[in-house]
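These notes are about the structure you will find just below.
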Amino acid sequence: MCNGQTILDHVSDDKQPKTFTFDHSFYSTDPSDPNFANQEEVFNSLGSGVLENAFSGYNACIFAYGQTGSGKSYSMMGTAEQPGIIPRLCNEVFRRIHETTCETLQYKVEVSYMEIYNERVRDLLDPKKSNKHHLKVREHKILGPMVDGLSVLAVDSFQQIASLIEEGNKSRTVAATNMNAESSRSHAVFNITLTQILKDVEKDFTGEKVSKISLVDLAGSERAGKTGAMGKRLEEGGNINKSLTTLGMVISALAERSNGKKEKFIPYRDSVLTWLLKDNLGGNSRTVMIATISPSADNYEETLSTLRYADRAKRIVNHAVVNEDPNAKIIRELREEVETLRMQISQTLKEHSETAELRERLAESERLVAQMNKSWEERLKETETLNKERQRDLAEIGISIESSGIKVEKDRFYLVNLNADPSLNELLVYYINSTAIIGNLDEIETSLDSGLGNSVEDLDKKDGGERTSIVLRGLGVMRRHARLSVVEERGRQRLYVEPLSNAGR
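Numbered by full-length UniProt numbering, the letters in the sequence shown go through residues 1 to 505 in order.
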C-alpha cells in the first residue's frame, strides 16, 4: 500500500497479484512501519477536504465500508486516545467557527444521530423514541428522503457534540460475534447541518449557506458461515447483508451511468440505508468512501470483494452544488404544501386510509414549518431540555450516566457493562433496588409485534406483574431472563440471582 496503490497478493504463488489504484492508500497495521498512517494522517487526507467543502456550502459525506473487524468504527469514531474522523471533524468545525465568527458572519450547527438496525431506524439521541417505536422513512416532496420525527439538536460547542456522540454510542445496538466481540451490528449515521449566515450591514442584506455533512459507519460485511451466526443473529446478518448488497447494486448502477451507458434504474428504495443516502450517492454531495481491509491471508476473498466495491465506487460522478439561501424557499414551499394538503383533506371523499395518510403528511409538514421558524435560542433550549429528559428516562430503567466518566453510589448493588472496546466499556450502571427483573428488549418488541400485548406493562402483568426494570439486548438474553433480589440477612444485605424462563438451561 503506497502512493494510492493497493496490491493484493494471494497466498498461492501461482496466482497473479491484483493491483488497485485509489486517491489514497493507508497502511495502519504496524506503528513501527515507516509507511504507517495514524488517525491524524487519515483525517488530514480525507476529513480536511470534507470540511473545506462544507464551509464552501457543499453537502458532504464520508462512509466506511469493509469486513467486520477491519477498522471501520475505529476509523470513524476511534478511541479516547486516538480519536477518529467524526470527533476530529466536529472539533475542527468549532475551531474554525470560533476563528471566523464576526459581525458579518455567524454560524449555526445542528446534529442528529441514528442507527439502522434490521431495516428499522432508531433515534440515538432520544431514548423514548429509540426504545418504544421505530421511526418512519419517507420521500418528502421538498426535502427528499427523510426520517419522520428524528431529533435534530442545536449545539454551540464541541463539548456538546462530544457529549451527544458519547450518549448516542451508549444507545447503539452492539452485540458480540465470534469474529469480533465489539462488532457494531447496525449502520450508524451521524449528520451535521452547518448554516453560515452572511450579513452585509451597508446593503441591508442577509444570505445563508447550508451544508449537510453525513458521517456513516456501516455494519460489517461478513459471511454467516465464517461468523458462526445462528438464529436471531443470522436474521440480523441477513438484513445487514441485504442493505450492503443493495448498496453494491446502487454503486454498480451509478458507475455504469457515469461511464456513459444508457440510463439505468437505480434501486435506492430497496433498502433503508440506500434510500437515506440517495443524495450522497450520485446526487448533490461530495462523497468520500473509506474501504477498510484485513491484512490476514485468511480474509483474502473478503478483502478482494471490498477492493472491487471501492473500485466501482470511485467511478461514480456526483453533481454537487453550493446550497445558498435554501431556507426561505423551503419554508415557502412547505407552507404551500400545508395548504394543498388541507384542501385535499377537506375535499377527499375516498377511503379512510387515504385521509389518514394525508393527515399524517400534513402533521409532518406543519411540524417542519414550526421547527424551521423557531429562533436559535429556542432550539438550544430544546437541546438542553432533551438532555435532561434523556438522563431521566435512562435513570428510570436503572441506568446512571455521568458525562465525566462512571460514578456509582456507595452501599448499593449495581451492574456495570464491560467491553474490550474502550469506547464502549464501563458506560452504563444498572442499580439494583429490592428486586430487579432483567429482560431482552428485542424479545419484548417481538412479543409486542406478535400481539401478545399492547405495552411492556401488559407483558409484565401476564408474567406475574413484576416490572422489567433492566432492559438489555444481546444473543442469549431471554425476554424475562433473571430476577435479582436484595435480601437483608443477619444485618447484612445479600444479592441473589434467580434464572427465569429457560435462561438457566
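Glycine included, each C-beta is placed from N, C-alpha and C at the ideal position.
### Message
Suppose the cutoff is 7 Å on Cβ atoms and the five residues either side in sequence are ignored; what does the same chain contact list for R361 look like?
### Response
What you label residue 361 is simply residue 361 of the sequence shown in a count that begins at 1. For R361, where only same-chain residues beyond five positions count, the Cβ hits under 7 Å are L341.
### Residue interval of the beta strand (DSSP E) (run including D311)
Position 311 of the sequence shown, counted from the first residue, corresponds to residue 311. DSSP places D311 in no beta strand (DSSP E) but in the uninterrupted alpha helix (DSSP H) bounded by Y300 to A313.
### Query
Helix, strand or coil: which one does DSSP assign to K461?
Along the sequence shown, read from residue 1 onward, the residue named residue 461 stands at position 461. Looking at K461 - three-state DSSP - the assignment turns out to be helix.
### Message
Quick check on V42: buried or exposed, where buried means 16 or more other Cβ atoms within 10 Å of its Cβ?
### Response
Translated into the one-based positions of the sequence shown, residue 42 becomes position 42. Burial check for V42: the Cβ neighbour count within 10 Å reaches 16 or more, so the residue is buried.
### Query
Three or more beta-carbon pairs under 8 Å between the stretch 65 to 81 and the stretch 103 to 111, yes or no?
These segments do not touch.
### Message
Using C-beta distances below 7 Å, list every residue in its chain close to G231, excluding the 5 sequence neighbours before and after it, in chain order.
### Response
Translated into positions along the sequence shown, residue 231 becomes position 231. For G231, the predicted structure reports a pLDDT of 49, less than 50, and the residue's modelled location is therefore unreliable. The matter cannot be settled from this model.
### Message
For the beta strand (DSSP E) containing A297, name the first residue and the last one.
### Response
Taking the sequence shown and counting its residues from 1, the one referred to as residue 297 is at position 297. From DSSP, A297 is part of no beta strand (DSSP E); its letter is neither H nor E.
### Query
Going by beta carbon distance, what residues of the same chain come within less than 6 Å of S243, once the five residues before and after it are set aside?
As a working mapping, residue 243 is identified with position 243 in the sequence shown. Contacts found: S271 and L273.
### Message
My output table needs one value for H24: the three-state DSSP class, helix, strand or coil.
### Response
Your numbering for residue 24 matches position 24 in the sequence shown. The answer is coil: DSSP assigns H24 none of H, G, I, E or B.
### Task
Tell me, please, whether the stretch 81 to 89 touches the stretch 302 to 316 by the rule of three or more beta-carbon pairs shorter than 8 Å.
Contact between the stretch 81 to 89 and the stretch 302 to 316 is not established, with fewer than three Cβ pairs separated by less than 8 Å.
### Query
What are the boundary residues of the beta strand (DSSP E) that V288 is part of?
Within the sequence shown, residue 288 is the residue found at index 288, counting from 1. It spans R286 to T292 - the beta strand (DSSP E) in which V288 sits, taken as one unbroken run.
### Query
For P125 versus S151, is the C-beta distance shorter than 9 Å?
Mapped onto the sequence shown, residue 125 falls at position 125. Mapped onto the sequence shown, residue 151 falls at position 151. According to the sequence provided, residue 125 is Leu. The question's Pro does not apply to it. Yes; because the gap between Cβ atoms is below 9 Å, this pair is in contact.
### DSSP-derived helix/strand/coil call for Y268
The residue labelled residue 268 in the question sits at position 268 within the sequence shown. Secondary structure at Y268: helix, using DSSP grouped into helix, strand and coil.
### Task
Let me know the secondary structure DSSP gives L218 once reduced to three states.
Reading the sequence shown from its first residue, position 218 is the one you call residue 218. Here L218 sits in coil by DSSP.
### Task
For H140, write down the residues that DSSP places opposite it in a beta bridge.
As a working note, residue 140 is residue 140 in the sequence shown. Answer is G144, bridged to H140.
#### Entry: Straight-line gap, G71 to I293 (C-alpha atoms, nearest Å)
Here residue 71 refers to the residue found at position 71 when the sequence shown is read from its first residue. Here residue 293 refers to the residue found at position 293 when the sequence shown is read from its first residue. In a straight line, the C-alpha of G71 is about 8 Å away from that of I293.
### Query
Who are the near neighbours of L415 in its chain, counting only those whose CB is closer than 6 Å to its CB and skipping five residues on each side?
By 1-based counting over the sequence shown, the position of residue 415 is 415. Scanning its chain for C-beta atoms nearer than 6 Å, with the 5 sequence neighbours on each side dropped, one finds around L415 the residues Y430, in chain order.
### Query
From Y27 to Q371, what does the alpha carbon distance come to, in whole angstroms?
If you number the sequence shown from 1, residue 27 lands on position 27. If you number the sequence shown from 1, residue 371 lands on position 371. Between Y27 and Q371, the C-alpha separation is close to 45 Å.
### Those residues which DSSP pairs with F36 across a bridge
Within the sequence shown, numbered from 1, the residue matching residue 36 stands at position 36. Looking at the DSSP assignment, F36 forms a beta bridge with Y27.
### Task
Within 10 angstroms of the Cβ of M343, are there 16 or more other Cβ atoms? Answer buried if so, exposed if not.
Start at 1 with the first residue of the sequence shown, and residue 343 comes out as number 343. M343 comes out exposed.
### Task
Step through the CB atoms of chain C and report whether any lies within less than 9 Å of the CB of E40.
You won't find chain C in this structure, because it holds only one protein chain.
### Backbone CA spacing between V189 and E115 [nearest angstrom]
Within the sequence shown, numbered from 1, the residue matching residue 189 stands at position 189. Within the sequence shown, numbered from 1, the residue matching residue 115 stands at position 115. Cα-Cα distance, rounded: 6 Å.
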